[in-house]
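J.: Below is one structure. I have some questions about it.
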């Protein structure tokens with residue numbers, strides 16, 4: 008009787024939440040996506056009135072769209088072939104309208120679009136899962152950037168145990184690509200999960216990971232600054248004109264003043280994807296005694312010599328100086344079908360010409376987060392050894 | 008010419024992102040929602056094939072659904088009446104299928120549903136906006152809860168300047184309702200924005216805000232624990248059976264060991280909404296010398312005497328002891344149409360009976376985040392005076 012009364016009151020309470028929670032009292036409860044034992048994945052949509060429903064996702068072969076099948080109960084379904092371990096993203100297209108999966112609350116934003124995600128484990132994507140290991144802390148905070156005359160937002164990962172000891176840690180500066188911001192590596196890149204797992208497995212040293220916003224005209228990610236909840240667009244102004252490189256010392260100063268770090272070259276790494284690879288290349292060259300570890304993930308190596316910024320002057324000479332100063336790892340990764348493949352090949356020739364030693368990894372695939380997460384998993388264990 | 012070459016390369020780079028970014032190359036660029044100068048809001052959906060499109064949202068009067076009008080270009084629109092300043096949530100219903108607004112990346116999850124949000128400023132919702140003031144830090148970290156035999160995730164707001172001084176701060180423990188988790192107050196409650204603004208305006212003292220997970224069977228919010236990306240449900244087990252109250256000392260110990268706080272009654276506050284109001288009531292009573300400030304926001308006051316947990320024993324006597332010990336603020340807020348209105352009225356009679364002094368605020372509306380954000384805005388300035 009006691010439990011009955013309590014249960015009834017709880018149900019009343021739940022009813023009240025449904026006022027707030029418009030979708031909660033759905034008529035049919037379905038599961039989507041459902042990851043089956045054989046690693047196939049079943050997607051489901053309730054759309055009795057639709058005449059055509061499709062699945063669009065990166066788990067499908069070209070062209071990346073597959074028709075879903077209508078069942079007698081108005082539920083459309085699609086089951087994939089067995090899938091490799093990966094973080095996948097997808098949408099549904101219902102009578103031409105692209106929608107998200109109402110039964111999957113997990114999603115990521117990339118610039119102005121939001122897609123659902125799922126993780127198929129049992130392989131490389133196990134690195135992206137939250138596992139039963141000690142967890143680091145992810146903080147969103149603000150720092151002063153005098154070089155940009157503004158407060159700016161930054162994401163900082165501190166490793167498990169950071170708060171409870173006196174150890175000084177090494178720092179990896181991890182930079183996003185065009186369209187990204189200080190949220191990108193943590194959300195799309197699963198950085199905290201990857202580092203938690205690699206550190207727990209003894210594969211990577213405990214390190215602080217600093218994820219700044221590489222669009223110097225932005226204070227913060229869309230929705231996180233005084234511009235309010237505007238519609239995001241690609242950030243072009245000043246993202247690749249030297250300003251990020253010139254003002255990067257603001258970030259290093261902030262980190263070294265606010266965290267227990269070893270403030271020396273052997274304990275600093277910088278890596279980035281696409282535009283962030285470009286930034287990492289130039290920042291590490293422009294401050295040639297600052298980083299012992301450099302990672303260029305599918306770097307967008309633009310003809311920087313064509314841009315009038317002192318950051319990009321004397322490219323070959325300053326690059327040679329950087330290597331002559333000595334560094335421990337200069338790591339380049341790119342996918343075989345990446346549209347930047349040729350520029351990276353040309354850049355490698357340039358490195359060869361000046362006698363620079365680097366590590367080169369050529370992966371399958373193109374310009375994708377799947378590769379960038381992989382590169383982080385490969386790169387982080389090589390740091391601070 | 009230099010700029011042209013650079014621009015072309017940038018466009019190529021953008022093209023490559025579109026591979027990742029399935030929605031980016033939409034054929035038509037529309038804005039939705041558009042907040043007009045007169046505080047009306049226009050919503051838009053591109054759905055040329057649909058035969059019926061509706062807007063569902065809390066800015067509409069009952070029944071909360073309005074038909075949208077099809078324009079000649081296949082875009083459906085709806086413009087509201089001028090709206091009061093508020094954070095609103097909404098969805099579209101296209102031929103019976105509830106979908107999110109593809110042109111609005113801002114959204115919140117509440118249990119298993121995700122809805123779009125917008126903020127109409129110029130009034131009370133200005134407190135929810137990010138403004139040009141110093142910003143606190145929001146951290147997601149893990150603490151050990153021996154009482155629950157697990158590591159658990161917690162959200163901590165530290166006020167602007169916390170990292171750069173030696174001050175000891177007061178602490179507000181802020182608890183979510185049923186269906187919520189350690190993400191709820193930060194996401195739905197706009198806690199960081201509210202505190203940043205109130206502190207900058209001199210209305211609230213700088214304080215640390217601790218937002219734990221009140222579902223003791225959970226390690227963390229859905230998607231943030233080892234269960235992976237499962238479909239969330241209401242958390243019933245052990246949420247209101249005394250376990251949260253019994254193990255709350257784990258949270259206080261963690262906070263007081265890891266943050267610069269004034270560890271005394273006059274510098275501790277506890278508040279919560281709905282189930283979190285119930286937790287706040289019982290935690291403050293069960294540890295009757297711990298909190299000088301208690302906030303019950305639309306509290307779900309269950310017949311706790313019917314549940315067999317020592318936390319709920321001797322209700323009146325222990326409540327009287329709490330008040331006899333002295334406290335500075337016992338604040339109760341509830342909406343006139345809240346389904347919990349009567350139980351709160353009964354509880355107030357009980358407080359009157361034992362001679363307890365409290366502050367009572369009766370607002371318009373029901374069991375909604377609109378009220379809970381308001382209550383925080385009213386409650387926080389009264390703390391630690």
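Residue numbers (the working numbering), protein chains in the order written: chain Y, 8 to 392; chain H, 8 to 392. The C-beta atom is built at its ideal place from N, Cα and C for all residues, glycine as well.
(1) Taking 9 Å as the threshold (C-beta atoms), are residue 160 (chain H) and residue 220 (chain H) in contact?
(2) Taking 8 Å as the threshold, find out whether the segment 123 to 138 of chain H comes into contact with the segment 86 to 104 of chain H through three or more Cβ pairs.
(3) Three Cβ pairs or more, each shorter than 8 Å: is that satisfied between the segment 325 to 335 of chain Y and the segment 284 to 292 of chain Y?
(4) Using DSSP with H/G/I as helix, E/B as strand and the rest coil, what is residue 74 (chain H)?
(5) From what residue to what residue does the alpha helix (DSSP H) around residue 258 (chain H) run?
(6) Give the secondary structure of residue 214 (chain H) by DSSP, where H, G and I count as helix, E and B as strand, and everything else as coil.
(7) What does residue 158 (chain H) reach in chain Y if we use C-beta pairs closer than 8 Å?
(8) How would you list, in chain order, the residues of chain H whose beta-carbon sits under 7 Å from the beta-carbon of residue 137 (chain Y)?
(9) Secondary structure at residue 283 (chain H), three-state DSSP: helix, strand or coil?
(10) Following a CB-centred definition, is residue 334 (chain Y) positioned closer than 8 Å to any heavy atom of the ligand NAP?
(11) Tell me, please, whether the segment 230 to 239 of chain Y touches the segment 109 to 121 of chain H by the rule of three or more beta-carbon pairs shorter than 8 Å.
(12) Check the Cβ of residue 236 (chain H) against every Cβ in chain Y and list those closer than 7 Å, keeping chain order.
(13) Short of 9 Å Cβ to Cβ, which residues in the segment 71 to 88 of chain H face chain Y?
(14) Considering only residues of the same chain and omitting the five flanking positions on each side of residue 28 (chain Y), which have a CB-CB separation below 6 Å?
(15) Is the Cβ-Cβ distance between residue 339 (chain H) and residue 300 (chain H) less than 9 Å?
(16) Tell me which same chain residues have a C-beta within less than 8 Å of the C-beta of residue 355 (chain Y), skipping the five on either side of it?
(17) Would you please verify whether the beta carbon of residue 145 (chain Y) is less than 9 Å from any beta carbon of chain H?
(18) Considering only the alpha carbon of each residue, which of H:216, H:236, H:143 and H:297 lies closest to residue 207 (chain H)?
(19) For the candidate residues H:198, H:270 and H:261, whose alpha-carbon lies nearest to that of residue 158 (chain H)?
(20) Hey, out of Y:237, Y:214, Y:217 and Y:242, whose CA is closest to residue 224 (chain Y)'s CA?
(21) Could you name each continuous beta strand (DSSP E) segment of 3 residues or more that falls completely within the segment 266 to 347 of chain Y, going from the start of the chain to the end?
(22) With a threshold of 9 Å between beta-carbons, can residue 340 (chain H) be considered close to chain Y, or not?
(23) Just to confirm before moving on: does the CB-CB distance between residue 302 (chain Y) and residue 386 (chain Y) stay below 9 Å?
(24) At 3 residues or longer, and completely inside the segment 126 to 181 of chain Y: list those beta strand (DSSP E) runs for me, N to C.
(25) So the beta strand (DSSP E) residue 370 (chain H) belongs to, where does it begin and stop?
(26) Could you check if residue 125 (chain Y) is buried or exposed, using at least 16 other CB atoms within 10 Å of its CB as the buried criterion?
(27) Taking a contact to mean a Cβ-Cβ separation below 9 Å, would you say residue 38 (chain Y) touches residue 85 (chain Y) in this structure?
(28) Between the alpha carbons of residue 140 (chain H) and residue 171 (chain H), how many angstroms are there, rounded?
(29) Keeping to the same chain, check which residues put their C-beta closer than 7 Å to that of residue 33 (chain Y); ignore five residues upstream and five downstream.
(30) Residues in its own chain within less than 6 Å of residue 378 (chain Y) by CB, not counting five upstream and five downstream?
(31) Who are the neighbours of residue 155 (chain H) on chain Y, taking C-beta pairs under 7 Å?
(32) Can you tell me whether residue 232 (chain H) is helix, strand or coil according to DSSP?
(33) Please classify residue 36 (chain H) as buried or exposed, where buried requires at least 16 other C-beta atoms within 10 Å of its C-beta.
(34) Against chain Y, does residue 43 (chain H) count as a neighbour if the rule is that its beta carbon must be under 9 Å from one of theirs?
(35) With 9 Å as the threshold, decide whether the Cβ of residue 54 (chain Y) is near any Cβ in chain H.
(36) Where does the unbroken beta strand (DSSP E) through residue 104 (chain Y) begin, and where does it stop?
T.: Looking at the coordinates:
(1) Taking 9 Å as the Cβ cut-off, residue 220 (chain H) and residue 160 (chain H) qualify as a contacting pair.
(2) Contact holds: three or more Cβ-Cβ distances are below 8 Å.
(3) yes
(4) DSSP places residue 74 (chain H) in strand when its eight states are reduced to three.
(5) 255 to 265
(6) coil
(7) 141 and 142
(8) 231, 232 and 233
(9) helix
(10) What this structure holds is no ligand at all, so the ligand NAP is not there to describe.
(11) yes
(12) The answer, in chain order, is 113, 125 and 126.
(13) 71
(14) Confidence in residue 28 (chain Y) is poor, its pLDDT being 36 and thus under 50, which makes the residue's placement too unreliable to answer from.
(15) no
(16) 339, 365 and 367
(17) Answer yes: the Cβ-Cβ gap between residue 145 (chain Y) and chain H drops below 9 Å somewhere.
(18) Closest option to residue 207 (chain H), Cα to Cα, is H:143.
(19) With distances taken between Cα atoms, residue 158 (chain H) lies closest to H:261.
(20) Y:242
(21) Considered as a whole, the segment 266 to 347 of chain Y harbours 275 to 280, 300 to 304 and 336 to 342 as its complete beta strand (DSSP E) runs of no fewer than 3 residues, in chain order.
(22) no
(23) yes
(24) 144 to 152 and 157 to 165
(25) For residue 370 (chain H), the enclosing beta strand (DSSP E) begins and ends at 366 to 370.
(26) buried
(27) no
(28) When rounded, the distance between both Cα atoms is 16 Å.
(29) Confidence at residue 33 (chain Y) is low in this model, with a pLDDT of 46, below 50, so the placement of that residue is unreliable and no value is reported for it.
(30) 342, 370 and 372
(31) Result: empty, since nearest Cβ-Cβ is about 15 Å, beyond 7 Å.
(32) coil
(33) exposed
(34) no
(35) yes
(36) 104 to 106
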